[in-house]
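Quick notes on the structure that follows.
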Amino acid sequence: MDWTTTVALILSVLQPARCFNIDPVAWKSLSNRAAGFGYQVVQRQSDLLVSAPLAQYSENGRGEIYRCTNDNCQNIKVAVPDYAVNMSLGLTMTSDPKTQNTMACGPTIPKDCRSITMYNGVCFEIDRSNTIGQPMPSSLQECRTVADIAFLLDGSGSVDAEDFQTMKTFVKNLVRSFLSSDTQFSISQFSSSPDIHYYFNNFFSNGQWEQNIDGIYQLGGSTFTAKAIQYVVNNVFVPQRGSRQNVKKILIVITDGASNDRGQLQNAAASAESKKIVRFAIGVGNAFQVTGARRELDTIASSPSTKHVFQVENFNALEIIRQTLQDSIFSIEGSQTSGESLKMEMSQEGFSATYVPGGIQMAIVGANEWRGGYMQYTRTGTKVNSYEPTSMKTDSYLGYSIAAAQTREGLLTVVGAPRYEHRGIAIAAYRERTSQVIDPYPWQHQTGEYFGAEVCAMDLNSDGNADLILISAPMYKEPDREGRVYVCTITGLSVGCHFDDPLVLRGDESDKARFGSSLAVLPDLNTDGLSELAVGAPLENDGQGSIYIFHGEGGGRISSAFSQRIAASEVQSGLRFFGMSISQMSFDRSGDRLPDLAVGSKGTVVLLRSRPIVLVETAVSFSPTLIPTQNQNCSTPLDGLAKICFTMTRFSAVDTARANINFTFTLDANRKPPNNRAYISGKQREETRTVTADLRGQTCSTVKFFIEACPEDALNELSNEVRFTFDGLPSSENLRPSLAQQAQTTTFHPIGFEINCGMDEKCVDKLKVDFNFTNSLEVKVGIDELLNVTVSMENSGENSYNSLVTLTYPPGLSYRKFTALQGRIECRSLDSEDGLVAGKTQCTVDRPIFKNNAKAFFVVAYGIETDSQLDGRIYITTNASSGNKEHDPKGELYKKKGIDVKYSIFVTIDSSLSYNNFTFGMNDLQKPVKQPIKVTNDIRALNFTVVIRVPVKLGDKDIWANLSSLEIPDCPKQNRDEKPVVRDFVAQIQKTKVVDCSVATCRVFKCSRFMERLDTKTYTISANISSGWIQQIGLESAKFLLTSTASLEYDRNQYIFFSIGSNNNPPVRKIETEVEVYPEPDFTKEIVGGSLGGLAFLALLTAGLYKAGFFKSKYQNMINEGADGGADPGIDGDAPE
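Mind the numbering: the sequence shown is residues -19 to -1, 1 to 1118 in mature numbering (1 follows the signal peptide of the UniProt record, and there is no 0), read in order.
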């Protein structure tokens, strides 16, 4: 593969580094033409190990490891086992800082298993003397056993002898195609009865299997297919006959016609299916053109029939389908076409690796359909553990990167999965049992960013415990740059990345950078006692590459701004992909007692030296020391002399260092011209010079100046400024020193006026300073925005000149403002820059003269950030000083006071109202109750307990049907129930309709849990509520609220609950179930009343109808009509003739 293409692919997901005092010019450069040289580099105390994983040194050999001195590189001969074909040795290299042993891995070993090509890997440990250990693992996974294959041949009379011979040839050819695999065979024949010729355990017994097949004679007779299948299932596929467990079982049935026992085919096929026997049916001849016969083949074969039924016109056509049948059987072997998922076939052990106590963890990035994971081995190669989370999605690449983080609670393994949902996640696993998913979604995510491409554990203070986890996303795209690194903190065994507002490391603007492709923790380079981080960006500057240095900071943090960017063009011309690898260990290779940095690029590894750190301090002395104020001649300026001295001291272990100090001296710098009271020549008040300083002592320069005669302001001192720049000079080894970051390059050096202190010329002030925390008993981080410190100062002695109050305050507080209550106050402040040194506020009081019996009051406000990390108790100090040479010993110049710190928390508990109802008087009813209680932690991670109190007994009646069934998962019940405080519960419940812990005995559950910020957890009260407690209340119809409560317990010495009120107590949440009771229905009155009412209505209806004549008959009407109009012929009975 082309090197550029390979590197571009690999750099799609790589590793990082950083520091301000790295000499950007290559001290040593080691080049080699071996393909991939420089892809990985490990620095050891006496040499370097450099990998060339793409070097093809033979037809089956790929990947070389080189041992490099300061001058040349020699190939280390690794005894690669025969199976390690084209392994790409050195694609992964990791080192053990304790032993300086190195693990070199080659994860691309192909193994042809016919249906698939497996890709595995192997690692070798190289000790300090370059002795190569045994391969790990000791052997590769074998190809999966193909199957136990049984042939069932139709030997009935309908098959010609020639066709039967063709059938046997077909079987022999098919067997030959499987001989290279561990496949077993059996041959049976059927007609009227089945006949087993060879079982699995004797097919190859005499070594003449082909002659054995040729010797099989045809039976003749009828075709009883179902009977034969059942016989083979029961007598061939059994352990006694060599059938094996956990391998594919295959039955191939060849027949030329419909069976005589087709009614039994379904049962025979079901019997085979119960043993998981995959069945292929081959129908030969025209008989299977008939629908019924074709249906027989479908019944015999496994589902789907389209893949397991073959139909040919004659026996000579069998050879045509042999390849198709062979491929179908191979697909069962383990490829994805059969629906069976891949397991370790593509594992690529050693794609990444890390040392852990007692052994090594090797990533298996391709395991389980590229879900990934890792294996843990002892130093001797014994596998002891594996981590293969089933919850991981396919194609996640878990194990693309891996890092071990030792914490006070135990060992965390952090593993990157950059292809998870095409964006990436990381997982922090503890003892392969519990794990935490580190997922930037939904706050920070981008498709294709490759989050988790590199992970790194960083021990900032070298105490043996990791403080930070760095996770890179080298393909994260921003409008002006590419790649970022997330900084995550470790609390206990939890990794917190705060993705809603993360700390992110970035490089310079660059469309293509892959910033974060490499990560490396460096030793303390700037002598502040904290480790540094190096980050590689190998595609910057059109593929030339760069590395970045980031400094560790106090308080377990790292600076988000890089201190140095080292571009490949500064290091050496012609470098490509500089920063693709950075050694995880740094030693002194140049002999200057300073750590050196090894960085890999395409074909070249360079060694960069770290520069020695020196501190330069400025001191200025004046002659005269004070400006005279009794000058009688106001027309003549006063002469002065300033001696400006620079002292260089070493921070690094070096003997020599030199630098040019380019300084500018400015007189009366706080005043704008032309109001300055001193000058050097004319009206110029600045002088610029250069001096050379070294470690041997002070270097001084003298400047003459003039002071304006009789200035109007003879009280306020002249504040004179010295600014300098540092230009390190090369030593005999061509190494230039760097100036310590804490050096003050701008300093002020005052010269004051003579002070008139009376006859004794001594002004003795008596200062008293005091302070208090205004309206604050404690610091509430996350609640209070300001900590106000009210300072008082008084002088009960003689005049005090240039009086000053200096306050110190801890890192984590930031100066906001001051408010003068009495007196002339001016304040300036410098917050802690490194998280280690306290901040300092200086306030002048009634400058220039704080007079006798004067008092001053002012308030200094310090900001408290919501994420401030403070001690449990912080201290503020105040120190009073002045320009007076003497102070009254009875004065009070210093005060120190402390205040407790608590961190705000906010936990919400939510639940919904549930409902049940019962009929009054029915005391043996019960109904299920499920009450979910959702707990959300909103502000910060902490351990706390949710205390849930559930009413369980009212009087002597149980509220729940079976108290033992009342449970809240993850919440142990307490040993003793709590008794109610109200004895006359009936009266109170009748009044309030509430059944809670004031009237009922309550069971207490405590749910203790550590929860991250924004985590949620749901607890559920689950049991059957009884109706037996209701009747004693005496209300036949009512709605009761069965009220449980949930409250919080936490360390109140460390935390305070965030609330709008002043008490900061967490609320007690009610969990309510509405229980409605109905009286039992009685329908007697309704029935009697309804019956009587019906009868009354019927009587009234009858009377009305009678009165209306409804009941008069038609016969009576005819009689009445006859009386009026003559006889009716029908009445006389004589019919007309």
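A virtual CB, placed ideally from N, CA and C, is assigned to each residue, including glycine.
The structure displayed is predicted, hence computed values, not measured ones.
If residue i and residue j are in contact, beta carbons under 8 Å, what's the gap, nearest whole angstrom?
i: K800; j: G820; result: At residue 800 the sequence reads Thr, which differs from the Lys that was named. Contact doesn't hold; Cβ gap of about 18 Å is too wide.
i: V989; j: T926; result: It is worth fixing the name first, because residue 989 is Ser in this sequence and not Val. Correct: roughly 4 Å between the Cβ atoms.
i: F480; j: P421; result: 5 Å
i: F899; j: I1002; result: The Cβ separation is near 19 Å, so there is no contact.
i: A638; j: D649; result: Between D649 and A638 the Cβ distance is about 34 Å, and since that is not below 8 Å, they are no contact.
i: S328; j: G347; result: 5 Å
i: I3; j: L589; result: 5 Å
Take the Cβ of residue i as the centre, count every other Cβ of all protein chains shown within 10 Å, and call the residue buried at 16 or more, exposed below.
i: A447; result: buried
i: A1077; result: exposed
i: N82; result: buried
i: E277; result: buried
i: V271; result: exposed
i: W424; result: exposed
i: Y896; result: exposed
i: V976; result: buried
i: G663; result: exposed
i: K883; result: buried
i: K149; result: buried
i: N267; result: exposed
i: E143; result: exposed
i: I914; result: buried
i: D237; result: buried
Measuring alpha carbon to alpha carbon, tell me which residue in the options is nearest residue i.
i: F752; options: D237, K876, R25; result: K876
i: P870; options: G778, L1079, L200; result: G778
i: V786; options: L794, V826, R805, A409; result: V826
i: I764; options: I231, T822, G844; result: G844
i: R400; options: P692, T428, G872; result: T428
i: L11; options: S591, I471, D746, Q553; result: Q553
i: N227; options: A128, E667, S76; result: A128
i: K749; options: G526, E534, F831; result: F831
i: E369; options: S382, A384, A386, W351; result: W351
i: D620; options: C626, T647, F603; result: F603
i: F531; options: I1041, V468, W941, N67; result: V468
Tell me the residue span of the beta strand (DSSP E) that contains residue i.
i: S550; result: Per DSSP, S550 belongs to no beta strand (DSSP E); it is in the alpha helix (DSSP H), 549 to 552.
i: S895; result: 895 to 900
i: T727; result: 727 to 732
i: M148; result: It is not in any beta strand (DSSP E) - M148 instead sits in the alpha helix (DSSP H) that spans 142 to 157.
i: R465; result: 462 to 472
i: F986; result: 982 to 992
i: residue 1119; result: There is simply no residue 1119 to check, as the chain begins at -19 and stops at 1118 in what is shown.
i: S333; result: 330 to 337
i: N56; result: 54 to 57
State yes or no: is the beta carbon of residue i nearer than 8 Å to at least one beta carbon in chain D?
i: F646; result: The structure shown has no chain D; it contains just one protein chain.
Tell me which residue opens and which closes the alpha helix (DSSP H) that residue i is part of.
i: A15; result: Run containing A15: none; DSSP gives neither H nor E here.
i: H289; result: 286 to 289
i: D129; result: Premise fails: D129 lies in the beta strand (DSSP E), 129 to 135, not in any alpha helix (DSSP H).
i: R557; result: Where R557 is concerned, there is no enclosing alpha helix (DSSP H), given that its DSSP letter is neither H nor E.
i: D195; result: 190 to 195
i: S582; result: From DSSP, S582 is part of no alpha helix (DSSP H) but of the beta strand (DSSP E) over 577 to 582.
i: residue 1119; result: There is simply no residue 1119 to check, as the chain begins at -19 and stops at 1118 in what is shown.
i: G524; result: 521 to 524
Which one or two residues does DSSP pair with residue i in a beta bridge?
i: W941; result: I1006
i: K1051; result: T1026
i: K911; result: S1003
i: R797; result: Looking at the DSSP assignment, R797 forms no beta bridge with any residue, so it has no partner.
i: L500; result: V516
i: Q357; result: Q342, N366
i: R823; result: Sequence inspection shows Gln at residue 823; the Arg mentioned does not correspond to that position. According to DSSP, Q823 bridges with T787, R809.
i: T388; result: G391
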